[in-house]
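For what it's worth, the UniProt record's numbering labels the leading residue of the sequence shown as 1, then goes sequentially. Where a beta carbon is used, it is the ideal one built from N, C-alpha and C, also for glycine. Since the model is a prediction, treat every value here as computed from it, not as a measurement. One structure is given below, encoded as structure tokens.
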Amino acid sequence: MKIIFSLFKNLALELPSLRISPPLNRAWLVAMGILSIVLLHTASRNLVYSVNWIEPKLYNRPADPRTGKIYSSVSFNTCSLPCFNYLYNLFYLDGKKVIPSNIGELLTPLSLAYWICDDGGFCQRDRVVVLNTQEFSLKEVELLVKVLGDKFG
Numbered sequence: 001m002k003i004i005f006s007l008f009k010n011l012a013l014e015l016p017s018l019r020i021s022p023p024l025n026r027a028w029l030v031a032m033g034i035l036s037i038v039l040l041h042t043a044s045r046n047l048v049y050s051v052n053w054i055e056p057k058l059y060n061r062p063a064d065p066r067t068g069k070i071y072s073s074v075s076f077n078t079c080s081l082p083c084f085n086y087l088y089n090l091f092y093l094d095g096k097k098v099i100p101s102n103i104g105e106l107l108t109p110l111s112l113a114y115w116i117c118d119d120g121g122f123c124q125r126d127r128v129v130v131l132n133t134q135e136f137s138l139k140e141v142e143l144l145v146k147v148l149g150d151k152f153g
């Protein structure tokens with residue numbers, strides 16, 4: 001049996017011989033340069049960010065003394081499934097995060113957006129998007145610069 005996951009909405013990745021329960025057969029796998037997130041798309045088109053169906057926990061921090069704003073965060077756990085080993089093997093070599101040589105085929109506007117939200121941000125002062133790539137080699141960063149320039153200008 002073959003199950004096809006939609007990578008970044010428009011790139012199909014075929015994972016052979018998977019035995020997955022029915023709730024996972026509509027999973028979208030979003031893999032960013034260094035992160036994989038399982039998004040389950042339910043019939044009501046709500047995104048559920050958990051595959052073990054444990055209720056996410058909401059945390060409220062004390063009010064920021066400078067602004068008085070209260071910031072919240074959500075925490076959840078997911079299952080580790082062997083069907084995701086393929087992606088782990090793409091982005092990790094001997095336990096170290098790496099940029100795969102085919103990153104140009106994998107990186108899309110949606111995956112870039114997730115990457116920015118996870119390990120990047122917007123610098124208000126300089127009005128630029130920042131991606132944290134400090135842990136990658138110079139060669140890997142140069143590949144990313146080329147791919148980002150070619151795909152997104």
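In this structure, Gly149 lies away from Asn132, with their beta-carbon atoms at least 8 angstroms apart. Rounded to whole angstroms, Leu144 and Gly95 show a C-alpha spacing of 20 angstroms.
A straight line joining the alpha-carbon of Glu142 with that of Ile103 spans about 12 angstroms. The Cβ neighbour count for Leu58, taken over all protein chains shown within 10 Å, is under 16; the residue is labelled exposed.
Around the beta-carbon of Ser111, 16 or more other beta-carbon atoms lie within 10 Å, marking it buried.
Looking from the CA of Val129, the closest CA among Tyr114, Val98, Ser75 belongs to Tyr114. Taken through DSSP and simplified to helix, strand or coil, Leu144 comes out as helix. Per the coordinates, the alpha-carbon of Asp64 lies some 21 angstroms from the alpha-carbon of Phe122. Under the three-state reduction of DSSP output, Phe122 falls in the strand class. Under the DSSP definition of a beta bridge, Asn60 partners with Ser72. The alpha-carbon of Pro82 is positioned some 21 angstroms away from that of Ile99. Our two residues, Phe84 and Leu93, have alpha carbons roughly 15 angstroms apart in a direct line. In this structure, Leu106 keeps its C-beta atom at 8 angstroms or more from the C-beta atom of Lys151.
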